[in-house]
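Undergrad:
Number of protein chains: 2
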Amino acid sequence: MATLSDPAVTPAVGDDKALATPFIKCLVRWIRAHDFYGSRENKCDAQLLAKFTVTEEQRRAIPIIGDPDPDVLWRLDAFYGAVGVAIEERAGLLVSRTMEISHEGCGRVLFTTRRLVVLSKTLRDVHRFGFSTLRKLAKTGTKLVNHAVEVIQAYPDLARE
Amino acid sequence: MATLSDPAVTPAVGDDKALATPFIKCLVRWIRAHDFYGSRENKCDAQLLAKFTVTEEQRRAIPIIGDPDPDVLWRLDAFYGAVGVAIEERAGLLVSRTMEISHEGCGRVLFTTRRLVVLSKTLRDVHRFGFSTLRKLAKTGTKLVNHAVEVIQAYPDLARE
Numbered sequence: 609m610a611t612l613s614d615p616a617v618t619p620a621v622g623d624d625k626a627l628a629t630p631f632i633k634c635l636v637r638w639i640r641a642h643d644f645y646g647s648r649e650n651k652c653d654a655q656l657l658a659k660f661t662v663t664e665e666q667r668r669a670i671p672i673i674g675d676p677d678p679d680v681l682w683r684l685d686a687f688y689g690a691v692g693v694a695i696e697e698r699a700g701l702l703v704s705r706t707m708e709i710s711h712e713g714c715g716r717v718l719f720t721t722r723r724l725v726v727l728s729k730t731l732r733d734v735h736r737f738g739f740s741t742l743r744k745l746a747k748t749g750t751k752l753v754n755h756a757v758e759v760i761q762a763y764p765d766l767a768r769e
Numbered sequence: 609m610a611t612l613s614d615p616a617v618t619p620a621v622g623d624d625k626a627l628a629t630p631f632i633k634c635l636v637r638w639i640r641a642h643d644f645y646g647s648r649e650n651k652c653d654a655q656l657l658a659k660f661t662v663t664e665e666q667r668r669a670i671p672i673i674g675d676p677d678p679d680v681l682w683r684l685d686a687f688y689g690a691v692g693v694a695i696e697e698r699a700g701l702l703v704s705r706t707m708e709i710s711h712e713g714c715g716r717v718l719f720t721t722r723r724l725v726v727l728s729k730t731l732r733d734v735h736r737f738g739f740s741t742l743r744k745l746a747k748t749g750t751k752l753v754n755h756a757v758e759v760i761q762a763y764p765d766l767a768r769e
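Going down the list, the protein sequences come from chains A and B.
Counting from 609, one number per residue, gives the positions in the first sequence under the working numbering.
Counting from 609, one number per residue, gives the positions in the second sequence under the working numbering.
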């Protein structure tokens, strides 16, 4: 397995802290669980997450014309997949995800459990999906999960009936 | 405007009754409202709906390999668009639709209002989407709308708070 001393991985300040957050751990677990052909087996966690960080210059360079790149759609799937798993772990109930993305890179992702919408997020600029740092990735994911858990706590009958 | 005596339109028994149902009227209105280029302006209602009826033989002849046909996706969009509009009219509130369809023709459509899931339907065999008769189309749409309205009535606080 590659380590953080690998030249391909240049950790930023706060990355270690971010890698230790429950959300990032969940995301890494999601990615490893979906590695059906073992192509990511030899990569360390930081390498697995490298493509989630996109600098402002890189973002600007990505064209927003044409269908979003399959790589970006995979990352979007992984990110919201991890959000779903994290909600399930924290709340102790099953959650369904429904995601609609147009060719223009707009859409919506919904997490529901029975009759309750636990999280609804509008997606924009999907072509350029990414976070400036791992810390920001961890923060955004954690915030979404926290919000969904609060909604479940606010409507316990509806979520669990 | 073409009439029902047009040879291209061969009404089946019960079609007149089906065309008069609120759901079919809603579907026709949806189709006419989305006719941005006026290409359907000269068609009568029965002609507009002709492609929604697929006989058992026709269904069997449609391949389910490859992406669903854009025509079928348009019909799916129209059908569930009309379901959404009919729910809004009956319940007097705004409803959002989120639809996810995989390349294999499976997926899910969700209608939500605020925190409430008013209708959730699994989609299968999207490649072959259609109804054996207009009557069946009217019945299926009406049933979905009735179900959603019942859910809204069962959770009035959640739907309207």
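Just so you know, even glycine gets a beta-carbon here, dropped at the ideal spot from N, CA and C.
Fair warning: this is a prediction, and the values are worked out from it, not measured in the lab.
1. Determine the extent of the alpha helix (DSSP H) in which T748 (chain A) is found, giving its start and end residues.
2. Closer than 7 Å, Cβ to Cβ, to anything on chain A: give me those residues from the stretch 693–721 of chain B, in chain order.
3. Along the beta strand (DSSP E) that carries D649 (chain B), what are the first and last residues, could you check?
4. Look up F778 (chain A) in the DSSP assignment and say whether it is helix, strand or coil.
5. Cutting at 7 Å between CB atoms, please list the residues of its own chain near R698 (chain B), excluding the five before and the five after it.
6. Output, in sequence order along the chain, the residues in the stretch 639–660 of chain B whose CB is closer than 9 Å to any CB in chain A.
7. Does R723 (chain B) get closer than 7 Å to chain A when you measure Cβ to Cβ?
8. In terms of residue numbering, what span does the alpha helix (DSSP H) encompassing R667 (chain A) cover?
9. Looking at the unbroken beta strand (DSSP E) that takes in L701 (chain B), where does it start and where does it end?
10. By how many angstroms is the C-alpha of L727 (chain B) removed from the C-alpha of R722 (chain A)?
11. By Cβ distance, which residues of its chain are closer than 7 Å to L684 (chain A), with the 5 residues on each side in sequence left out?
12. Per DSSP, what kind of secondary structure is D614 (chain A) in: helix, strand or coil?
13. Pull up the distance between the alpha-carbon of E708 (chain B) and that of A686 (chain B), whole angstroms please.
14. Check distances from the C-beta atoms of the stretch 741–767 of chain B to those of chain A and list, in chain order, the residues that come in under 8 Å.
15. Just checking my contact of A767 (chain B) with L724 (chain B) at CB under 8 Å: how many whole Å lie between their CB atoms?
16. Using the DSSP secondary-structure output, state which residues sit across from G661 (chain A) in a beta bridge.
17. Quick one: measure Cβ to Cβ for A654 (chain B) and L627 (chain B), integer angstroms, because I've assumed they're closer than 8 Å.
18. Restricting to Cα atoms, I'd like to know which of B:L731, B:T706 and B:S704 is closest to C714 (chain B).
19. Can the beta-carbon of F660 (chain B) be found closer than 7 Å to that of F719 (chain B)?
20. On the criterion of 16 or more Cβ atoms from any shown chain inside 10 Å, does T706 (chain B) qualify as buried, or is it exposed?
21. What would DSSP say about I709 (chain A), mapped onto helix, strand or coil?
22. For the alpha helix (DSSP H) that contains V725 (chain A), what are its first and last residues?
23. If I measure Cβ to Cβ from I639 (chain A) and keep anything under 7 Å in the same chain, skipping five residues before and after, which residues do I get?
24. Determine the direct distance from the alpha carbon of K751 (chain B) to that of Y688 (chain B), and round the result to whole angstroms.
25. Could you check what DSSP says for A714 (chain A) in three-state terms: helix, strand or coil?
26. From this set, A:V759, A:A690, A:V680 and A:T629, which residue's C-alpha is nearest H642 (chain A)'s C-alpha?
27. Which residue marks the beginning of the alpha helix (DSSP H) containing F631 (chain A), and which one marks its end?
28. Near S704 (chain A), what residues of its chain come up, given a Cβ to Cβ distance below 6 Å and the 5 sequence neighbours on each side ignored?
29. Measure the alpha-carbon distance for E712 (chain B) versus E665 (chain B) and round it to whole angstroms.
TA: Concretely, from the data shown:
1. On the first sequence, residue 748 (chain A) is found 140 positions in, with the first residue counted as 1. Note, T748 (chain A): alpha helix (DSSP H), L742 to A762.
2. T706, M707, E708, R716, L718 and T720
3. By one-based count along the second sequence, residue 649 (chain B) stands at place 41. Checking the displayed sequence, the identity of residue 649 (chain B) turns out to be Glu instead of Asp. Element bounds for E649 (chain B): n/a, residue is neither H nor E.
4. Shown here, chain A extends from 609 to 769; a query on residue 778 (chain A) therefore has no answer.
5. In the second sequence, the residue the question calls residue 698 (chain B) occupies position 90. Within the same chain, R698 (chain B) has close Cβ partners V753 and V757.
6. Correct list: empty, as no residue qualifies.
7. Residue numbering aside, residue 723 (chain B) sits at position 115 when the second sequence is read from its first letter. Yes - at least one Cβ of chain A is within 7 Å of the one on R723 (chain B).
8. Position 59 of the first sequence, counted from the first residue, corresponds to residue 667 (chain A). It spans E664 to A669 - the alpha helix (DSSP H) in which R667 (chain A) sits, taken as one unbroken run.
9. Working through the second sequence from its first residue, we reach residue 701 (chain B) at position 93. No beta strand (DSSP E) holds L701 (chain B); DSSP gives it neither H nor E.
10. Here residue 722 (chain A) refers to the residue found at position 114 when the first sequence is read from its first residue. Here residue 727 (chain B) refers to the residue found at position 119 when the second sequence is read from its first residue. If you take the alpha carbons of R722 (chain A) and L727 (chain B), they lie about 10 Å apart.
11. Within the first sequence, numbered from 1, the residue matching residue 684 (chain A) stands at position 76. Excluding positions up to five away in sequence, the list reads V734 and F737.
12. For the purposes of this step, residue 614 (chain A) is identified with residue 6 of the first sequence, where counting begins at 1. In this prediction, D614 (chain A) has a pLDDT of 49, which is less than 50 and means its spatial position is unreliable; nothing more can be read from the coordinates.
13. Locating residue 708 (chain B) in the second sequence gives position 100, counting from the first residue. Locating residue 686 (chain B) in the second sequence gives position 78, counting from the first residue. For E708 (chain B) and A686 (chain B), the distance between alpha carbons rounds to 15 Å.
14. Result list: V759, Y763 and L766.
15. Against the second sequence, residue 767 (chain B) aligns to sequence position 159. Against the second sequence, residue 724 (chain B) aligns to sequence position 116. Indeed they touch by this definition, with Cβ atoms about 5 Å apart.
16. Position 53 of the first sequence holds residue 661 (chain A). This sequence places Thr at residue 661 (chain A); Gly is not what is there. According to DSSP, which records beta bridges pairwise, T661 (chain A) is partnered with A:F739.
17. For the purposes of this step, residue 654 (chain B) is taken as residue 46 along the second sequence, with counting starting at 1. For the purposes of this step, residue 627 (chain B) is taken as residue 19 along the second sequence, with counting starting at 1. Yes, A654 (chain B) and L627 (chain B) are in contact; Cβ-Cβ is about 7 Å, under 8 Å.
18. By 1-based counting over the second sequence, the position of residue 714 (chain B) is 106. Selected option, being the one with the closest Cα: B:L731.
19. In the second sequence, residue 660 (chain B) corresponds to position 52, counting from 1. In the second sequence, residue 719 (chain B) corresponds to position 111, counting from 1. It is not a contact, given that the beta carbons lie outside the stated cut-off.
20. Taking the second sequence and counting its residues from 1, the one referred to as residue 706 (chain B) is at position 98. T706 (chain B) is buried by the Cβ-count criterion.
21. Working through the first sequence from its first residue, we reach residue 709 (chain A) at position 101. Under the three-state reduction of DSSP output, I709 (chain A) falls in the strand class.
22. Within the first sequence, residue 725 (chain A) is the residue found at index 117, counting from 1. Taken as a continuous stretch (DSSP letters only), V725 (chain A) belongs to no alpha helix (DSSP H), being part of the beta strand (DSSP E) at L724 to L731.
23. Against the first sequence, residue 639 (chain A) aligns to sequence position 31. Here the set comprises R648, L656 and A686.
24. For the purposes of this step, residue 688 (chain B) is taken as the residue at position 80 of the second sequence. For the purposes of this step, residue 751 (chain B) is taken as the residue at position 143 of the second sequence. Approximately 12 Å, taken between the alpha carbons.
25. Residue numbering aside, residue 714 (chain A) sits at position 106 when the first sequence is read from its first letter. The question names Ala, yet the displayed sequence has Cys at residue 714 (chain A). Correct three-state label for C714 (chain A): coil.
26. Here residue 642 (chain A) refers to the residue found at position 34 when the first sequence is read from its first residue. When A:V759, A:A690, A:V680 and A:T629 are compared, the shortest CA-CA separation from H642 (chain A) is found for A:A690.
27. Along the first sequence, one-based indexing puts residue 631 (chain A) at 23. Unbroken alpha helix (DSSP H) run through F631 (chain A): P630 to A641.
28. Mapped onto the first sequence, residue 704 (chain A) falls at position 96. Excluding sequence neighbours, S704 (chain A) sits near T720.
29. Taking the second sequence and counting its residues from 1, the one referred to as residue 712 (chain B) is at position 104. Taking the second sequence and counting its residues from 1, the one referred to as residue 665 (chain B) is at position 57. The straight-line gap from Cα to Cα measures roughly 21 Å.
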